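J.:
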Amino acid sequence: MSTTDNAVVLYQTSDGSTSLAVHLEKETVWLTQKQMAELFGKTVPTINEHIKNVFKEGELVETAVIRNFRITAADGKTYDTSHYSLDVIISVGYRVKSQQGTSFRQWATRVLRDHVVKGYTINEQRFREQAEKLTEMRRTVELLARTLANQELVSETGKDVLRVISDYAYALDLLDRYDHGTLTIEETTRQALRVIDYDEAIGIVASMKGEFDGLFGIEKDQGFKSALGAIYQTFGGEELYPSVEEKGANLLYFVVKNHAFSDGNKRIAAALFIYFLGTNGVLYRPDGSKRLADNALVALTLLIAESRPDEKDTIVKVIVNLINRKND
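Residue numbers (the working numbering): 1484 to 1811.
See the structure below:
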């Protein structure tokens, strides 16, 4: 038996008279009608007739046991050819009363078991390698930030940015858990203590206008009101964003992305995000320090602005995990 990269193994009868290239996929093996004819010593029309009867009698569901694979014919061209799963092969072997059917089933069972074990081993090894790379990358980021800051190679503003980058070693871990489907929203405040409505929110925007000129804070459409309403949505009586942190993260995202103002969308989003967290008691740690550094807020706001729509869930989960109680 030899295994190739395209999941094809070689089956050979005990007397060496027949050799078949067998496809492995979907945890089963697959043969064409021609291969079954060779295996059982019958003609292709005979095999075809037995297969029709298998489906006609309802023994197997046709759509579940047939799959097309591209194979190269004698003329050198490739064709899509119907292959049949092990269930069909066993059934046909029983109908033609062939001892080769039993031998093939035993061989296929052994090959499939070995294939699963090998696949598990490879995946486990890849996971370990990825974990090691992530740890190495995290240490490198921390070292780079510490070295540049200690050697005074950057300005004070640069040091702030580097501290944010160093803090994001935790975010790298969060993103890694998301990539592996293990990032969850946890350690959050499950009930908003105070609802912010449109009038209150637009009042905050109005209070900021004195600091900025021109078109700042002038609404273009209903996008701002929509963003506020979105964080309090319910479905089937359940809130879509049940925690304060989830509401806050989505508020930041929606206000940035809705572009509801002629100017100042990112500044308004960041200010409202801070106000929302503050009024709901999650802006500060128990020791009085901010859960989210100023520069981290800037980085997240810019990240949202530059992100694609399909990245929303990732960004929101990262924001939540940066302001939840695990950061206390």
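Note that beta-carbon positions come from the ideal geometry of N, C-alpha and C, so glycine has one too.
This structure is a prediction, so every number in the text was calculated from the model and none was measured.
1) Out of curiosity, what's the CA-to-CA distance linking F1695 and G1712?
2) Please report the straight-line C-alpha distance between I1605 and V1512, rounded to a whole angstrom.
3) Does the pairing of the region 1768-1776 with the region 1698-1714 give three or more beta-carbon distances under 8 Å?
4) Which residues in the same chain as G1747 place their Cβ atom closer than 7 Å to its Cβ, once the five residues preceding and following it in sequence are excluded?
5) If I follow the unbroken alpha helix (DSSP H) through H1533, where does it start and stop?
6) Can you find the residues in the same chain that come closer than 6 Å, C-beta to C-beta, to K1708, ignoring five residues on each side of it along the sequence?
7) How would you call R1578, buried or exposed, if buried means at least 16 neighbouring beta carbons within 10 angstroms?
8) Using beta-carbon positions only, say whether I1806 and E1722 come within less than 8 Å of one another.
9) Which whole-angstrom value is the C-beta distance of L1735 and A1752, which I expect to be below 8 Å?
10) Give the single residue among F1744, E1789, G1764 and Q1583 whose Cα lies nearest to the Cα of V1678.
11) Report, in whole angstroms, the separation of the C-beta atoms of V1803 and A1732, which I expect to be a contact under 8 Å.
12) Nearest CA to the CA of G1584: which residue from Q1518, H1742, V1548 and F1538?
13) Under 6 Å Cβ to Cβ from F1538, same chain only, skipping five residues before and after it: list those, please.
14) Considering only residues of the same chain and omitting the five flanking positions on each side of T1561, which have a CB-CB separation below 7 Å?
15) State the DSSP-derived secondary structure class of S1709, mapped to helix, strand or coil.
16) For V1801 and K1795, I'd like the C-alpha separation in whole angstroms.
T.: Taking the coordinates as given:
1) 26 Å
2) Note that I1605 has pLDDT 49, beneath the 50 cutoff, so the model's placement of it is unreliable and no number is given.
3) no
4) F1695, F1699 and G1700
5) V1527 to K1539
6) Y1681
7) buried
8) no
9) 5 Å
10) G1764
11) 5 Å
12) Q1518
13) E1545
14) R1553, I1554 and T1555
15) helix
16) 10 Å
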